[in-house]
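Following my numbering, the numbering of the sequence shown begins with 72 at its first residue and continues without gaps.
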Amino acid sequence: MTDLTTLTLAGARDALRKKELSALDLADAHLAAIEQARALNAYVLETPELARRMAKESDARIAAGKAGPLEGIPLAIKDLFCVKDVRTTACSHILGNFVPPYESTVTANLWRDGAVMLGKTNNDEFAMGSSNETSHYGPVTSPWRREGSNTALVPGGSSGGSAAAVAANLCLGATGTDTGGSIRQPAAFTGTVGIKPTYGRCSRWGVVAFASSLDQAGPFTRTVRDAAILLRSMAGPDAKDTTCVDMAVPDYEAAIGKSVKGMKIGIPKEYRVDGMSPDIDALWQQGAAWLKDAGAELVEVSLPHTKYALPAYYIVAPAEASSNLARYDGVRYGLREDGRDIIGMYEATRAAGFGKEVRRRVMIGTYVLSAGYYDAYYLRAQKVRTLIKRDFEECFAKGISAILTPATPTAAFGVGEKGADPIEMYLNDIFTVTVNMAGLPGIAVPAGRDGQGLPLGLQLIGKAFDEETLFTLGEVVEQAAGRFTPTRWW
Ligand code: GLN
């Protein structure tokens, strides 16, 4: 029998519908794989009983002819999404053993469509990071290794557990969130597909907030088609999130295989940055050549404010984070540390509950929002944000269908290798943050390998609410590049 964990989401869906396999067998195969892969630390909570119960319910619905679009599909959920009655911590000590009495809209949509919950995946604390090393539960180890080396590599972050779980066949798909790159960068590092949809496409209700004007949920999968299927279920209007748009969700899967003939693809000259690895540069040119071969036209474009995106992001995101994280005061959720009086209790709780990177962001955020500095930093960053958005609008107004860029400036690095200087870590997001600042959709698709055999990804950036074009183009890249699977060592 084929190993059920190597199926694609689409393949498993079709086989379940034809009753060639049961949802319970599929769940059991994944639960067994998860147990054998604990060395990766991809999951911070396994929910085998829940998985088996949901799988049995799926089998009953399939037998009754009432299967939903994701019926019986086992998924991993980033620990930033509240799942009712299941511990949710954002991988922070401050949430302790918080068990939400409510369900995030995104996960509710997945269960509505028949998906099965395998467990919660590891992430950087409050989604702040690019390597999954700031998690209270310890780092995730990537299933990938450099050829001939045993060095433990990071899976990227902040959704590192979801990316590793998908790459290592520990689920058929996973949820992630992306504030500055947290879906696309780990997807690129692990040879998986990840899409950050347009801001407002997925509801943020029940997702632990980092920077509310940038946060967006999206899927991780092993193929572009699977990402289209999963996003369709995750997305949709929600009265509980006023920033979530009231727009019907298209059948994204129908975009797969459409012609790209005559599409204009922008190549932004500002993305050729100093220090970019030659492998990445070659990959970018290869990606452009593949799209050209498929009939697209390549056009050099200019996004002149790109160089200001990263510094502006590191003002806007911490500012919003400092405000969002004010709620963790030792009273309402999780951890409480005693102090002399109530202020002492707040201080002791926040000092003990937040890790170093989170404390850094809270301090930066509080500083840039404080009277006297607000205009110089926060307001200016917001103006830069408008200019970045305008760059993209001008580009799309010239008839550009999508923009092709690398997803990351390098391949995955070693655990513990970066981070002594926080700026070094922040530079990972150089190609992805602009997309969050502009609120646009961006997909990362595996496109090649570096000289040491590690996967590399390309990014396609689309017009607002035009995820379909990204799926069409992404699949062209995927078909040309092939798929990338790590060799099992765990
Ligand atoms: N690496 C970026 C940060 O640390 C982005 C994280 C994210 O997208 N959640 O802020």
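Think of the CB as a built atom: it goes at the ideal place given N, C-alpha and C, for glycine as much as any other residue.
heavy atom of the ligand GLN below 7 Å from residue i C-beta
{"i": "Asp249", "result": "yes"}
{"i": "Asp150", "result": "no"}
{"i": "Phe281", "result": "yes"}
{"i": "Ser229", "result": "yes"}
{"i": "Met199", "result": "yes"}
{"i": "Ser206", "result": "no"}
{"i": "Ala483", "result": "no"}
{"i": "Gln415", "result": "A small fix is needed here, since residue 415 is Gly in this sequence, not Gln. For the ligand GLN, not one heavy atom lies less than 7 Å from the Cβ of Gly415."}
{"i": "Asp492", "result": "no"}
{"i": "Ala509", "result": "no"}
{"i": "Gly426", "result": "no"}
{"i": "Ser253", "result": "yes"}
{"i": "Ala234", "result": "no"}
{"i": "Ala388", "result": "yes"}
{"i": "Asp500", "result": "yes"}
Between the CA atoms of residue j and residue i - distance to the nearest angstrom
{"i": "Thr294", "j": "Asp446", "result": "45 Å"}
{"i": "Phe197", "j": "Gly333", "result": "42 Å"}
{"i": "Arg255", "j": "Ala397", "result": "28 Å"}
{"i": "Ser373", "j": "Cys466", "result": "8 Å"}
{"i": "Leu181", "j": "Tyr399", "result": "28 Å"}
{"i": "Met347", "j": "Glu142", "result": "43 Å"}
{"i": "Arg84", "j": "Asp462", "result": "41 Å"}
{"i": "Ala280", "j": "Ser129", "result": "31 Å"}
{"i": "Phe169", "j": "Thr159", "result": "6 Å"}
{"i": "Ser213", "j": "Ile413", "result": "42 Å"}
{"i": "Leu362", "j": "Pro512", "result": "19 Å"}
{"i": "Gly328", "j": "Gly524", "result": "29 Å"}
{"i": "Thr263", "j": "Pro517", "result": "6 Å"}
{"i": "Ala92", "j": "Ala86", "result": "Correcting the residue identity first, residue 92 is Leu in this sequence and not Ala. Near 6 Å, if we compare the C-alpha coordinates of Ala86 and Leu92."}
{"i": "Thr476", "j": "Gly358", "result": "9 Å"}
{"i": "Thr261", "j": "Ala380", "result": "25 Å"}
{"i": "Ala134", "j": "Leu146", "result": "21 Å"}
{"i": "Tyr323", "j": "Ile474", "result": "19 Å"}
{"i": "Ala325", "j": "Gly519", "result": "26 Å"}
{"i": "Asp521", "j": "Lys454", "result": "38 Å"}
{"i": "Lys89", "j": "Glu408", "result": "55 Å"}
{"i": "Met125", "j": "Ala131", "result": "10 Å"}
{"i": "Ser304", "j": "Val486", "result": "34 Å"}
Close-in-space but distant-in-sequence residues of the same chain around residue i (CB under 6 Å, 5 per side omitted)
{"i": "Ser202", "result": "Val225, Gly228"}
{"i": "Gly510", "result": "Tyr270"}
{"i": "Gly426", "result": "Glu196, Thr205"}
{"i": "Lys335", "result": "Glu368, Val370, Gly470, Ile471, Ser472"}
{"i": "Lys489", "result": "Glu495, Met496"}
Closest residue to residue i among the options (Cα-Cα distance)
{"i": "Ala388", "options": "Arg403, Met416, Thr437", "result": "Thr437"}
{"i": "Lys469", "options": "Glu371, Gly265, Ser394", "result": "Glu371"}
{"i": "Leu121", "options": "Ala326, Ala98, Ala104", "result": "Ala98"}
{"i": "Pro268", "options": "Lys137, Asp537, Val278", "result": "Asp537"}
{"i": "Ile514", "options": "Ala134, Val429, Thr479", "result": "Thr479"}
{"i": "Val547", "options": "Asp364, Ala491, Ala179", "result": "Asp364"}
{"i": "Val211", "options": "Pro339, Leu527, Asn112", "result": "Asn112"}
{"i": "Leu369", "options": "Val344, Ile338, Asp492, Asn395", "result": "Ile338"}
{"i": "Arg559", "options": "Ala94, Ala236, Asp96, Tyr173", "result": "Ala236"}
{"i": "Ala353", "options": "Thr481, Asn507, Val331, Ile144", "result": "Thr481"}
{"i": "Val331", "options": "Ala552, Asp74, Phe542", "result": "Phe542"}
{"i": "Ala551", "options": "Arg411, Ile532, Ala360, Gly424", "result": "Ala360"}
{"i": "Tyr384", "options": "Tyr444, Asp345, Arg421, Leu450", "result": "Leu450"}
{"i": "Glu81", "options": "Arg296, Val316, His164", "result": "A small correction: the amino acid at residue 81 is Ala; Glu does not occupy that position in the sequence shown. Here the closest residue by C-alpha is Arg296."}
{"i": "His164", "options": "Thr314, Val429, Ala94, Glu218", "result": "Val429"}
Distance CB(residue i)-CB(residue j) smaller than 8 Å
{"i": "Lys149", "j": "Pro171", "result": "no"}
{"i": "Phe291", "j": "Ala258", "result": "yes"}
{"i": "Gly185", "j": "Asp500", "result": "no"}
{"i": "Ile529", "j": "Trp276", "result": "What sits at residue 529 in the sequence shown is Leu, not Ile. In this structure, Trp276 does not lie closer than 8 Å to Leu529 by Cβ."}
{"i": "Leu440", "j": "Ser472", "result": "no"}
{"i": "Asn193", "j": "Tyr208", "result": "yes"}
{"i": "Gly190", "j": "Thr118", "result": "yes"}
{"i": "Gly351", "j": "Leu527", "result": "Note on identity: in this sequence residue 351 is Ile, with Gly being the wrong assignment. For Ile351 and Leu527, yes; Cβs fall inside 8 Å."}
{"i": "Arg109", "j": "Gly139", "result": "no"}
{"i": "Arg272", "j": "Ala310", "result": "no"}
{"i": "Gly232", "j": "Val115", "result": "yes"}
{"i": "Ala382", "j": "Arg431", "result": "According to the sequence shown, residue 382 is Pro rather than Ala. No. Outside cutoff."}
{"i": "Gly405", "j": "Gly167", "result": "yes"}
{"i": "Thr377", "j": "Tyr342", "result": "yes"}
Beta-carbon proximity list for residue i, same chain, < 7 Å, skipping 5 on both sides
{"i": "Ala282", "result": "Thr250, Val387, Ala388, Glu391, Ala392"}
{"i": "Thr76", "result": "Ala100, His101, Ala104, Asn240"}
{"i": "Ala535", "result": "Thr269, Gly510, Leu511"}
Own chain, CB closer than 8 Å to residue i, minus 5 neighbours either side, in chain order
{"i": "Val278", "result": "Leu151, Phe152, Cys153, Ser175, Val177, Thr248, Asp286, Ala288"}
{"i": "Phe484", "result": "Ser202, Leu224, Val225"}
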